Structure formats: C-alpha cells, structure tokens
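Chains as they are written, first to last, in my numbering: chain A, 127 to 444; chain B, 127 to 444.
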C-alpha cells in the first residue's frame with residue numbers, strides 16, 4: 127500500500143537531502159529574460175504572467191531536481207494570478223512529479239466538514255462525476271489549518287489514508303503574531319501543545335517507514351523551547367519547518383526539529399533558493415546573468431549545511 | 127469613498143432582505159438538463175463540469191437577484207474542479223456583479239504576512255505588473271481564518287480600507303468540533319471571545335452606515351448564549367451567519383445575531399435555496415421539473431421568515 131511518509135523518507139535517503147524548495151514565484155523577482163518571452167504575446171496579461179511563473183518554475187525544477195527530492199508550492203502566489211495562476215499551479219505540480227519530486231501543496235485550508243471534503247478531494251483525491259474520474263491538483267501532501275477542530279481535519283486524513291497522501295497540520299507558525307492564539311495557555315497547556323497532541327493521536331494509524339507518520343506538523347523553529355517540547359509531544363510526526371534563509375530560521379534552532387536518528391524534519395527555503403540570484407553577494411559578483419548558477423549553488427549550500435548539522439547532532443547523541 | 131458596509135446596508139434596505147444565497151454548486155445536485163448540455167461536448171471533463179456549474183449559477187442568479195442582494199461563493203466547491211473550477215468561480219463573480227449583487231468570497235484563507243498579502247491582493251486587490259493592472263477575483267468581501275494572529279489578518283484589512291472591501295473573520299464556526307479550539311478558556315476568556323475582541327478593535331477604523339464596520343465576523347447561531355455574548359463584544363460588526371436551513375440554524379437562535387435595530391447580521395443558506403428542488407416535499411409535488419420555481423419559492427420563504435422574525439424582535443424591544 128502506498129504511504130506518503132515511506133515515500134518521503136525513501137526520497138530523503140536517495141537524494142541525501144531533507145531540503146524542500148519553496149516554489150513561490152513572484153513576478154517581480156523572476157529574471158527579465160523569462161518575463162520578456164512570456165509577455166511577447168499581446169493579450170491577457172494574467173495569462174502571460176502565469177506563463178512566466180510556470181516557465182520560471184520549470185527552469186528551477188530542472189536545476190534543483192538532482193539535488194533535492196521535495197518541493198512545496200505556496201498556492202497564494204498562484205491564486206494571485208486568478209485562474210491562470212491556478213493553471214500554472216496545476217502545470218507546475220505535473221512537471222515536478224514528472225521529474226520524480228514529492229510535491230507539497232501549501233494550501234492551509236480549513237473549513238466545516240462538508241466543505242473540507244471538497245477541499246480534500248480537490249487536493250488529495252479523485253473527483254468523480256459522469257461515470258469518469260479526474261484529478262484536480264495532484265500533490266502528495268497538503269498543509270491544513272486546525273482552527274475549526276478535528277471534524278474539519280478528518281476529510282484530509284481520510285484521503286491521506288486512502289490514497290497514500292500526507293497532511294501537515296499548522297501547529298506553530300513562523301510569524302510574530304502566531305503567539306496571539308497559538309501560544310495562549312488553557313489549563314496549563316498552550317494551544318499549540320493541544321493541537322500537537324491531536325496531531326500525534328491522528329497520526330497513529332498512518333505509521334510508515336522508521337516509525338514516522340504521514341500526518342505531520344508545520345513547526346517554526348524560532349523558539350527552541352517550543353520546538354523541543356513539540357518534538358516530545360509528536361515523536362512520530364515529521365515537521366515541515368519553514369523559513370530557512372529568508373524567514374531567519376537559524377540552523378541551531380532548526381536542528382531541534384530533528385530527532386536524534388537524523389530524521390523527523392524537512393526544511394523549506396523559498397526565496398533563499400529560487401531568488402538566490404537577487405542576493406546582494408551574488409549580484410555584486412555576477413550581476414543578473416547566470417542566475418541558474420546562483421540557484422544551484424544555493425541549494426547545494428543548503429544541503430551541505432543541513433547535512434553537517436544533522437551529522438553533528440547525531441554525533442552529540444552517540 | 128467606497129465603503130463595503132455602507133454598500134451592504136444600502137443593498138439590504140433596497141432589497142428588503144438580509145438573506146445571502148450560498149452558491150456552492152455540487153454537480154450531483156444540479157438538474158440533469160444543465161449537465162446534459164454541458165457534457166454534450168467530448169473532451170476535458172473538468173472543463174465540462176465547470177461549465178455545468180457556471181450555467182447553473184447563472185440560472186440561480188437570474189432567479190434570485192430580484193429577491194436578494196448578496197451571494198456567497200464557497201470557493202472549495204470550485205477548487206474541486208481544478209483551474210477550470212476556479213474559472214467558473216471567477217466567471218460567476220463577474221456575472222453576479224453584473225446583476226448588481228454583493229459577492230462574498232468564502233475563502234477562509236490565513237497565512238504568514240508575506241503570503242497573506244498575496245491572498246489579499248488576489249481576492250480584494252489589484253495585481254500590478256508589467257506596467258498594467260489586473261483584477262484576479264473581484265469579490266466585495268472575503269472570510270479569513272484568524273489562527274495565525276493579527277499580522278496574518280492585517281493585509282486583508284489594509285486592502286478593505288483601501289478598496290472599500292469587507293472582511294469577515296471566523297470567530298465561531300458552525301461545525302461540532304469548533305468547540306475544540308474556539309471554545310477553549312484562557313484566563314477566563316474563550317478563544318472565540320478573544321478573537322471577537324480583536325475583530326471589534328480592528329473594525330473601529332472602518333465604520334460606515336448606521337455605525338457598522340466593514341470588518342465583520344462569521345458567527346454560528348447554534349448556541350444562543352455564545353451569540354448573545356459575541357453580539358455584546360462586537361456591537362459594530364456585521365455577523366455572517368451560516369446554516370439557515372441545511373445546517374440546522376433555528377430562527378430563534380439566528381435572531382440573536384441581530385441587534386435591536388434590526389441590523390447587524392446577514393444569514394446564509396446554500397443547499398436550502400439552490401437545491402430546493404431536491405427537497406422531498408417539492409419533489410413529491412412537482413418531481414424535478416420546474417426546479418426554478420422551487421428555488422424562487424425557497425428564497426421568498428426565507429426572506430419572509432427572516433423579516434417577520436426581525437420585526438418581532440424589534441417589537442419586543444420597543
């Protein structure tokens with residue numbers, strides 16, 4: 127039976143990388159040559175813009191796929207371009223899968239059960255009608271917002287089980303205001319701890335390779351005490367850790383997201399990789415030419431830093 | 127200066143209706159004649175399905191727009207059909223606006239600030255690139271999930287202010303599991319009360335007609351004590367109340383969402399209106415023919431029931 131977590135861990139081992147490249151395309155940072163080609167045709171500007179971001183994504187995927195096995199698409203940057211953007215989202219997923227990548231849809235959906243079913247089917251399931259079956263968005267896993275409680279999460283978990291997909295529940299996010307609700311204390315437990323306990327419980331039925339579950343958690347690494355505690359509450363959950371690079375995640379804190387076995391976390395960088403060519407140091411050295419080299423150097427560097435830190439971590443525990 | 131709330135109240139007065147029709151199209155409930163026409167053409171099935179739901183929506187809008195001034199689109203049912211569904215979402219918004227309706231996008235988005243900006247721009251803003259401006263989804267207001275805290279909500283409020291749009295924050299949702307997080311008590315205040323206080327604060331700068339704010343709240347009516355209390359915490363916020371009909375919202379409880387002035391709430395019914403022809407009583411009397419009449423009767427009945435209840439409410443307070 128297909129299992130998201132087993133496939134994820136297999137991919138991490140094969141690529142020797144727990145990096146996730148965030149494909150969050152923003153037109154203003156995309157190299158001019160790609161934009162010029164996409165906007166050559168007069169007409170619907172949203173369509174042209176969507177073409178530019180899909181062309182950019184394809185090039186990024188071509189560069190990174192020898193080095194990394196996982197990409198994450200933040201759907202907001204596609205929705206920004208209307209349904210043409212949604213088409214670029216769908217096309218990018220297909221292209222990434224063709225290159226053998228695991229694709230996480232960062233959708234952060236959450237709704238009442240009947241509606242959550244529609245979202246879950248759209249992103250993790252099969253749409254059935256008229257005697258046929260279609261797949262709308264063929265990702266391997268999604269992120270889900272838990273504010274509406276377990277009945278809003280179950281439709282995603284149900285399809286994760288049925289179709290060998292994964293779910294990452296928002297437990298503690300990386301933005302400063304995350305403390306306002308997520309860190310509130312109720313009967314000696316913070317909200318993020320309460321959600322984490324649920325994630326741990328929900329994940330128990332979907333255990334795969336090395337004892338990890340297909341139900342994971344989004345966990346920001348900024349506060350090491352919180353991370354340590356969440357690691358304890360959810361020993362079997364993979365953490366999707368945002369913010370390597372741009373969001374200021376420090377390597378030392380990020381390491382706390384891993385278990386001592388060197389597994390347990392995947393680490394995302396979006397802007398730090400796909401716009402590496404806009405980094406002042408690179409710009410000064412090369413200008414905006416050879417942007418592909420900047421992207422490749424950035425992902426190789428990230429892999430190396432994470433690997434060294436994980437090995438150091440393992441050394442400390444043995 | 128354009129104000130969502132002033133426009134909303136003007137529309138409510140003109141149409142003499144605070145009903146919201148939820149355009150949540152599900153293929154299995156759409157009349158066969160519409161589906162047959164849409165699927166006549168061989169080819170992409172998601173495209174045909176999206177055509178069916180857009181055709182259905184147009185007919186629904188034609189029937190209801192003399193009776194009601196507000197529609198709400200649950201985007202999940204469009205996402206279900208991939209980017210073709212998103213096109214049907216966009217086309218439906220345009221058609222509804224052409225008929226003079228106020229359109230609420232029930233998107234329940236919520237993300238870190240940088241990403242929330244992209245969502246807010248997609249749904250309440252103007253996309254600027256290449257020296258041009260485009261609008262992706264032209265709704266008048268959206269629903270937003272507050273789990274990530276105020277910095278995740280501000281991008282929506284900022285564009286609401288700038289572009290005369292509205293925001294409805296999820297405060298207390300209608301699903302049974304909503305109690306798991308939303309009803310938790312932290313220092314004598316429940317999470318939904320804490321969110322409600324923020325909504326009240328955020329709304330203070332966007333006051334329009336009759337003292338109401340363009341920043342509203344999604345409030346389920348099931349628990350009258352909760353509703354009473356939320357009405358007190360957010361005296362100036364319009365409540366978007368789900369579940370008239372299908373979700374079992376009782377008229378007596380729903381009335382608690384209104385202020386004594388007869389304003390303060392809009393009440394949504396989705397399945398109860400747009401699939402009125404599937405109601406056993408109607409089916410028995412007419413079969414599936416004349417489905418349009420069933421829809422029209424249902425919205426007229428809903429308007430009448432709400433109006434009588436509001437007048438009764440006002441009578442009690444004078």
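Note that beta-carbon positions come from the ideal geometry of N, C-alpha and C, so glycine has one too. Here the structure is a predicted model, which means the values were calculated and not measured.
What is the DSSP secondary structure of residue 211(B), reduced to helix, strand or coil? In the three-state DSSP reduction, residue 211(B) falls in the helix class (H, G or I).
In this structure, what does DSSP give as the bridge partners for residue 258(A)? Paired residues: 255(A).
Could you tell me the distance, in whole angstroms, from the CA atom of residue 115(A) to the CA atom of residue 233(A)? Residue 115(A) lies beyond the residue range present for chain A, which begins at 127 and ends at 444; the question has no answer from this structure.
Under 8 Å, do residue 231(B) and residue 196(B) count as touching if we go by C-beta distance? no
Provide the residue(s) that pair with residue 232(A) in DSSP beta bridges, ordered along the chain. 200(A)
Taking the alpha carbon of residue 330(A) as the point to measure from, which residue in 321(A), 341(A), 322(A), 336(A) has its own alpha carbon closest? Closest in alpha carbon position to residue 330(A), among 321(A), 341(A), 322(A), 336(A), is 341(A).
Only counting the same chain, and skipping five residues up and downstream in sequence, which positions put a Cβ closer than 7 Å to that of residue 360(A)? 322, 325, 326, 343
So what does DSSP say about residue 348(A), is it helix, strand or coil? Residue state for residue 348(A) is assigned as coil, using DSSP reduced to three classes.
Local conformation of residue 156(B) per DSSP, three classes: Reduced to three states, the DSSP call for residue 156(B) is coil.
How many whole angstroms separate the CB atoms of residue 126(A) and residue 143(A), which I take to be in contact at a CB cut-off of 8 Å? A query on residue 126(A) cannot be resolved here, the shown segment of chain A reaching from 127 to 444 and no further.
Any contact between the segment 278-293 of chain B and the segment 244-251 of chain B? By contact I mean 3 or more CB pairs, one from each, below 8 Å. Segments in contact, yes.
Residues in the same chain with beta-carbon distance under 8 Å from residue 239(A), minus the five sequence neighbours each way, listed in chain order, please. So the list reads 277, 278, 280, 281, once near-sequence residues are dropped.
Taking only the alpha-carbon atoms, compute the straight-line gap between residue 417(B) and residue 227(B) and give it to the nearest angstrom. 22 Å
Interface flag, residue 365(B) vs chain A, CB-CB below 8 Å: no
Rounded to the nearest angstrom, what separates residue 128(B) and residue 289(B) at their Cα positions? 7 Å
Residue 260(A) and residue 172(B) look like a contact to me (Cβ under 8 Å); what is the Cβ gap, rounded to whole Å? 5 Å
Using Cβ-Cβ distances below 9 Å, what residues of the segment 258-274 of chain B are close to chain A? 258, 259, 260, 261, 262, 263, 271, 272, 273, 274
Residue 426(A) to residue 405(A) span [Cα, whole Å]: 16 Å
Write down the C-beta distance between residue 352(B) and residue 298(B) rounded to the nearest angstrom, noting that I regard them as a contact closer than 8 Å. 6 Å
Any chain B beta carbon closer than 8 Å to residue 137(A): no
Assuming residue 269(B) is part of the alpha helix (DSSP H), what are its boundary residues? Looking at the DSSP string, residue 269(B) is not in any alpha helix (DSSP H); the run it does join, the beta strand (DSSP E), is 267-270.
Check each candidate in 396(B), 207(B), 328(B) and name the one with the smallest Cα separation from residue 187(B). 396(B)
Compare the C-beta of residue 209(B) against all C-beta atoms of chain A and say whether one is closer than 8 Å. Output row for residue 209(B): interface = yes.
Give the secondary structure of residue 338(A) by DSSP, where H, G and I count as helix, E and B as strand, and everything else as coil. If DSSP states are grouped into helix, strand and coil, residue 338(A) belongs with coil.
My assumption, with CB atoms under 8 Å, is that residue 383(B) sits in contact with residue 345(B). Please give the rounded CB distance. 6 Å
Neighbour list for residue 370(A) in chain B, Cβ cutoff strictly below 8 Å: Correct list: empty, because the minimum Cβ distance to chain B is about 14 Å.
Which residues bound the beta strand (DSSP E) around residue 380(A)? Residue range 377-381 is occupied by the alpha helix (DSSP H) that includes residue 380(A), with no beta strand (DSSP E) assigned at that position.
Beta carbon proximity, residue 302(A) to chain B, threshold 8 Å: yes
With DSSP run on the structure shown, which of helix, strand or coil describes residue 438(A)? helix
May I ask you to report which of helix, strand or coil DSSP gives residue 364(A)? strand
So is residue 376(A) buried or exposed if we call it buried at 16+ other beta carbons inside 10 Å? exposed
Quick one: list the residues of chain B neighbouring residue 312(A), beta-carbon separation under 7 Å, in chain order. Here the neighbours are 310, 311, 312.
Residue 398(A) by DSSP, collapsed to three states: which one? helix
Any Cβ of chain B within less than 8 Å of the Cβ of residue 203(A)? yes
Taking a Cβ distance cut-off of 7 Å, strictly less, list which residues of the segment 411-441 of chain B are near chain A, in chain order. none
Alpha carbons only, please: which of 148(B), 152(B), 157(B) is nearest the one belonging to residue 419(B)? 157(B)
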